[in-house]
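Trainee: My questions will all concern the structure given below.
In our numbering, the protein residues as written are 10 to 266.
Here it is in C-alpha cells:
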C-alpha cells in the first residue's frame, strides 16, 4: 500500500537533500529553483501558485544508471524545454509517481491529471509543463533510453499518458518502486542494474498501448485512436490468435462498426 508523504532514509547511504526550511525568504525562490534543476535539468520556469510562499524538500538517491528522487513542495507551475543529451549528458525517460496532491501534466501533445497512486512516463528530450496543486509530492525515476526504449512497443504512444498503480502491471511496478526506494542505497551496483531492467520491463508492460486503452475502455473514457490501433495490430501480426473479435474488444468498439 502506498504510504503518503513518506521520506525514509536509504539503508547504508546518505541522501542528497535540499530543503527550504532554513533558507531566508528573499533567497528561497532562487534556492528552490536550483534544487529542482537536479530533477529537471531543462527547467525554464518555476512559478508559485495560489499566493503561497515557496517551500520544498527534495531527496535524491543514486540508482543504477541514473537516480531516483522524491520531492515535496508548495503549489507551483513547472516547465522545461527538453534535455539535450549532448549538453546535459543524459538521454532517457522520467517515470513520475504521484504520492500526494495532484499534478496536471502536459507532454507530447497530451494532458493528464495525475492523482494519488498514478504514474506518468515522460521523454526527457521533449518539452513539458506540470502544474502541481495541493502540496504536491512526487517520486521521479530516471530511466536510460538505451534500456527502456527497445522494450516499448510504440514509444510515442507511451509518453504523456497515465496509469494507476492499483491493478496489473501498474500494481507490480508500484510495489517494486516502493521497495527499491527504501533499499536502493544498500544494494550492490549489479543488483541495482538488474532491478533497473525489471522496472523498465514493467514500465513497458504498464504503458503499452494495449494496456492503456483497455483501462480507458473499462471507464468509458475513450476509444483507441488510429495510431494506437495501428501500433497494436502491427505488434500482433505474427500472433495466430489475433482475430476480429480481439481487435474490436481492444479498440473498445463493436466488431460490426
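Glycine is no exception: its CB is placed at the ideal position from the N, C-alpha and C atoms. Every value quoted in this text rests on a predicted model; they were computed, and no experiment measured them.
1. Residue 123 and residue 171: beta carbons closer than 8 Å?
2. Would residue 130 pass as a contact of residue 168 if the rule is Cβ separation under 8 Å?
3. If residue 127 and residue 173 are in contact, beta carbons under 8 Å, what's the gap, nearest whole angstrom?
4. Count the other CB atoms, across all protein chains shown, that sit within 10 Å of the CB of residue 53; report buried if there are 16 or more and exposed otherwise.
5. Determine, using beta carbons only, whether residue 63 and residue 36 come nearer to each other than 8 Å.
6. Keeping to the same chain, check which residues put their C-beta closer than 6 Å to that of residue 189; ignore five residues upstream and five downstream.
7. Would you list the residues sitting across from residue 75 in a DSSP beta bridge?
8. Helix, strand or coil, according to DSSP, for residue 86 in the structure here?
9. So, helix, strand or coil for residue 31, using DSSP?
10. Can you say whether residue 230 is buried or exposed, counting buried as having 16 or more other CB atoms within 10 angstroms of its CB?
11. Would you report the Cα separation of residue 34 and residue 79, rounded to the nearest angstrom?
12. Could you check whether residue 112 and residue 138 sit closer than 8 Å to each other, using their CB atoms as the reference points?
13. Going by DSSP, what residue range makes up the beta strand (DSSP E) through residue 208?
14. Quick check on DSSP: helix, strand or coil for residue 163?
15. Closer than 6 Å by C-beta to residue 41: which residues in its own chain qualify, once you throw out the five before and the five after it? Chain order, please.
16. State buried or exposed for residue 217, treating a residue as buried only when at least 16 other CB atoms are found within 10 Å of its CB.
17. Going by C-alpha distance, which of 107, 186, 214 is nearest residue 82?
18. So, are the CB atoms of residue 150 and residue 77 less than 8 Å apart?
19. Short check: CB of residue 134 to CB of residue 89, under 8 Å?
Mentor: To lay it out plainly:
1. Judged by their CB atoms, residue 123 and residue 171 are nearer to each other than the 8 Å cut-off.
2. Yes, they are a contact pair.
3. 5 Å
4. Per the 10 Å Cβ criterion, exposed.
5. no
6. 204
7. 72
8. strand
9. Coil, per DSSP.
10. The predicted position of residue 230 is uncertain, since its pLDDT is 36 and thus under 50; no value can be drawn from it.
11. 23 Å
12. One thing to note: residue 138 has its Cβ no nearer than 8 Å to the Cβ of residue 112.
13. Note, residue 208: premise wrong, no beta strand (DSSP E); alpha helix (DSSP H) at 198–215.
14. coil
15. 29, 63, 65
16. buried
17. Out of 107, 186, 214, 107 has the C-alpha closest to the C-alpha of residue 82.
18. yes
19. no
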